[in-house]
Amino acid sequence: MCWGKAKQLYRLNPPSSKEEDVEKNMLTALDSVTLVDMRKFARRARRFMDAYKKGLDGKWAAWASRKYPGHRTYPEELMIELDAAKEAEKAAAAAEQNQG
Numbered sequence: 001m002c003w004g005k006a007k008q009l010y011r012l013n014p015p016s017s018k019e020e021d022v023e024k025n026m027l028t029a030l031d032s033v034t035l036v037d038m039r040k041f042a043r044r045a046r047r048f049m050d051a052y053k054k055g056l057d058g059k060w061a062a063w064a065s066r067k068y069p070g071h072r073t074y075p076e077e078l079m080i081e082l083d084a085a086k087e088a089e090k091a092a093a094a095a096e097q098n099q100g
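Read in order, the letters of the sequence shown correspond to residues 1 to 100 in UniProt numbering.
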């Protein structure tokens, strides 16, 4: 994610084919990623690792991340709420299929 932030900042510079300009812009972009940004990205990665450890896939890990933004790890009742959310999604898909 730090690379993504640096890439975004790099692309804000005017395009150049000179090797010196490319290197200068790259180093400036890498230096522009702050320690606060790095910690934010590390915290997000740690939350996804916790979700994967609890058996969630990418889609449901993102759901849990939005549902519980203020916790360092996910609560134990997460799986109960996850099952309820999956059932609601299945019911909505079935209702949509029956109408269409």
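Glycine included, every Cβ here is placed at the ideal spot set by N, Cα and C.
Taking phenylalanine 41 as the reference, give the member of Ala6, Trp63, Glu77, Ser17 with the closest Cα.
Phenylalanine 41 has its Cα closest to that of Ala6, out of Ala6, Trp63, Glu77, Ser17.
So, are the CB atoms of alanine 51 and tyrosine 74 less than 8 Å apart?
Cβ atoms of alanine 51 and tyrosine 74: closer than 8 Å.
Using the Cα positions of serine 16 and leucine 9, report the straight-line distance between them to the nearest angstrom.
Pairing serine 16 with leucine 9, the inter-Cα distance amounts to about 15 Å.
First and last residue of the alpha helix (DSSP H) that includes tyrosine 10?
Segment 2–11, the alpha helix (DSSP H) holding tyrosine 10.
Nearest-angstrom Cα separation, counted from aspartate 57 out to alanine 96
Reading off the sequence shown, one finds glutamate at residue 96, where the question assumed alanine. Distance between the alpha carbons of glutamate 96 and aspartate 57: 24 Å.
Go through the stretch 9–78 residue by residue and report every complete run of the alpha helix (DSSP H) that reaches 4 residues or more, in order.
Those alpha helix (DSSP H) runs which fall completely within the stretch 9–78 and span 4+ residues are 19–32, 35–53, 58–67.
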